[in-house]
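Here the structure is laid out as structure tokens; the discussion comes afterwards.
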Amino acid sequence: MIKEACVETLEQIQHAIKHGANRIELCDNLSVGGTTPSYGMVKIAIELCHEHDVEVAVMIRPRGGNFQYDYFEYEIMRQDIIQLKTLNVDAFVFGCLDENQYLDEWKMKALKDACGDIQCVCHMAFDLINPYNQLKSLDWLIDHQYTRVLTHGGTPDTQLFNNLNHLGKLLIHSKGNITIMPGGGLTKDNLHELLHDIPFDEVHGTKIV
Numbered sequence: 001m002i003k004e005a006c007v008e009t010l011e012q013i014q015h016a017i018k019h020g021a022n023r024i025e026l027c028d029n030l031s032v033g034g035t036t037p038s039y040g041m042v043k044i045a046i047e048l049c050h051e052h053d054v055e056v057a058v059m060i061r062p063r064g065g066n067f068q069y070d071y072f073e074y075e076i077m078r079q080d081i082i083q084l085k086t087l088n089v090d091a092f093v094f095g096c097l098d099e100n101q102y103l104d105e106w107k108m109k110a111l112k113d114a115c116g117d118i119q120c121v122c123h124m125a126f127d128l129i130n131p132y133n134q135l136k137s138l139d140w141l142i143d144h145q146y147t148r149v150l151t152h153g154g155t156p157d158t159q160l161f162n163n164l165n166h167l168g169k170l171l172i173h174s175k176g177n178i179t180i181m182p183g184g185g186l187t188k189d190n191l192h193e194l195l196h197d198i199p200f201d202e203v204h205g206t207k208i209v
């Protein structure tokens, strides 16, 4: 099982490596849900992590708030990807929605294209898509070769352990073609409860290790 630790500082990176994280999701500004870290931070994080065979997934998000980005914000995201992918990043993490809270397929495809061969992950913007449309969105992500979806199984105001039915539905629908990675309220102390109900292959959290 892969444990992905969500971090924003060098101290947190070192703690995650020491305590068995297999991957880090590197962000800045976790107080607003995470934004794009600096070039220097990504460079040092990759050097520290790759030395210990720990992967680095980098958040691409120009600001906090909603996930509806205008053209200039989208272009910031694309340029950040172009610059950061020179640093041997293992994956990029992003999510774009349109004004109707559907997946913004145009922007998601263009950003995926900018990533080239680097893995792409759809983050918890996915959770704000109407549940009735999520399976269609999941199929789109599969068709466009996204590697995984980070999901709470419900809106941010819900408890992850109250969303197990929906997480299971996403897992079954994925048929192994995309990784369903639960996160949001998941810790090293309650992880065993989740895995007892559903044996996920990958898990995510700020306190996962």
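Mapped onto UniProt numbering, the consecutive letters of the sequence shown carry residue numbers 1 to 209.
By construction, the Cβ of each residue, glycine as well, lies at the ideal position given by its N, Cα and C atoms.
Uninterrupted alpha helix (DSSP H) stretches at least 4 residues long and entirely within the region 78-116 occur at 105-115, given in chain order.
The Cβ-Cβ distance between R78 and E55 does not fall below 7 Å. The beta carbon of G40 sits closer than 8 Å to no other beta carbon from its chain once the five residues preceding and following it are set aside. Beyond the five residues adjoining it in sequence on each side, D201 comes within less than 7 Å, by CB distance, of M1, I2, T179 in the same chain, given in chain order. Proximity to A57 across W106, E4, T9 peaks at E4, based on C-alpha coordinates. Below 8 Å, enough C-beta pairs join the region 98-110 and the region 65-78 to call them touching: three or more.
If you compare the alpha carbons of N66, L97, G116, H123 with that of G153, the shortest gap goes to H123.
Take the alpha-carbon of G205 and the one of A114: they are about 27 Å apart. Cβ neighbours of D80 within its own chain (closer than 6 Å, five residues either side excluded): T36, I60. Between the beta-carbon of L128 and that of T155 there is about 7 Å, and that keeps the pair under the 8 Å contact cut. In the three-state scheme derived from DSSP, where H, G and I count as helix and E and B as strand, D143 is classed as helix.
Around the beta-carbon of V121, 16 or more other beta-carbon atoms lie within 10 Å, marking it buried.
Under the three-state reduction of DSSP, L26 is assigned to strand. Excluding its 5 nearest sequence neighbours in each direction, D197 has C-beta neighbours in its own chain below 6 Å: L164, listed in chain order.
Spatial neighbours of M181 in its own chain (CB-CB distance under 6 Å, excluding positions within 5 residues in sequence) are listed in chain order as R148, L150, E202, H204.
Of N133, E193, D157, Q145, the smallest CA-CA separation from L170 is found for N133.
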